[in-house]
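Oh and the sequence shown: position 76 is 81 in our numbering, straight run, nothing missing.
Yeah, the Cβ is synthetic: ideal placement off N, Cα and C, and Gly gets one too.
All values reported here derive from a predicted model rather than from experimental measurement.
The structure appears right after this line, and notes come after that.
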Amino acid sequence: MTDVTIRLATEADVAAINAIYNHYVNTSTCTFQLTPESDAARLAWLTHPDRHAVYVAESATTNPTAAVVGWASLSRHSPREGYARTADSSIYIAPGHHRRGIGRALMAAVLDHARTRVPGLRVVVAGATADQAASIALHAALGFRQVARFEGVGEKFGRVLDVVYMQTEL
């Protein structure tokens with residue numbers, strides 16, 4: 006993974022972040038969103054005050070000027086005040102860039118951000134469709150533990166799907 010740099014996302018990254026996400030909207034059960042996100046909506050998401058941080062993985066070997074090959078985010082778990090010490094994490098890696106340590110590096114950056122730059126944060130939560138074994142394994146390797154499994158709560162591509170919830174204490 007020596008050709009990848011992890012950094013905070015900027016507005017200039019919105020189209021690349023969105024292209025990665027929309028790939029999964031159209032092809033995977035890792036998100037229950039059914040219609041692609043617009044770049045305007047993604048920009049609003051990136052700049053929303055409840056967003057603690059978004060990190061991108063940038064690869065110089067993808068093209069000479071570098072390209073975003075993954076992203077991870079840390080967001081407020083809920084707008085309700087009682088959840089102020091809990092955050093949600095999300096992670097998406099561009100097709101063709103899996104199993105190279107990019108996800109681990111992105112999640113490490115997000116967790117470091119949670120520990121050092123979000124005062125009072127205590128818990129980070131991750132949800133994954135139960136058929137996303139690689140995502141569940143990545144989170145487990147980073148210290149997340151399964152705390153719930155909601156059965157049949159999501160539907161995509163004509164399938165009824167379970168969701169596994171995991172968390173880690175900071």
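Candidates the options: closest to residue i by CA position
i: Arg81; options: Ala72, Gly75, Ser95; result: Ser95
i: Val129; options: Asp167, Ala58, Cys35, Ala46; result: Ala58
i: Asn31; options: Gly132, Gly108, Thr52, Phe162; result: Phe162
i: His144; options: Ala77, Ser33, Pro124, Leu126; result: Ala77
i: Tyr88; options: Leu126, Thr173, Tyr26, Pro100; result: Leu126
i: Ile25; options: Glu86, Arg164, His102, Asp136; result: His102
i: Pro124; options: Arg105, Leu48, Leu175, Arg164; result: Leu175
Residues that residue i bridges to, as DSSP identifies them
i: Gln151; result: Met171
i: Glu160; result: Val165
i: Gly75; result: Ala62, Ile98
i: Gly132; result: Tyr170
Proximity test, residue i beta-carbon vs the ligand HEM heavy atom, cut-off 7 Å
i: Thr10; result: In the structure on display, the ligand HEM does not appear, and there are no ligands present to speak of.
Beta-carbon gap between residue i and residue j smaller than 8 Å
i: Ala142; j: Val168; result: no
i: Ala62; j: Val9; result: yes
i: Asp136; j: Thr34; result: yes
Buried/exposed call for residue i, threshold 16 Cβ in 10 Å
i: Ser43; result: exposed
i: Gln38; result: exposed
i: Gly108; result: buried
key: Given 8 Å, three or more beta-carbon pairs between the region 109-126 and the region 152-162   = no
message = I want to know whether the region 11-19 touches the region 43-62 - three or more CB-CB distances under 8 Å.
response = yes
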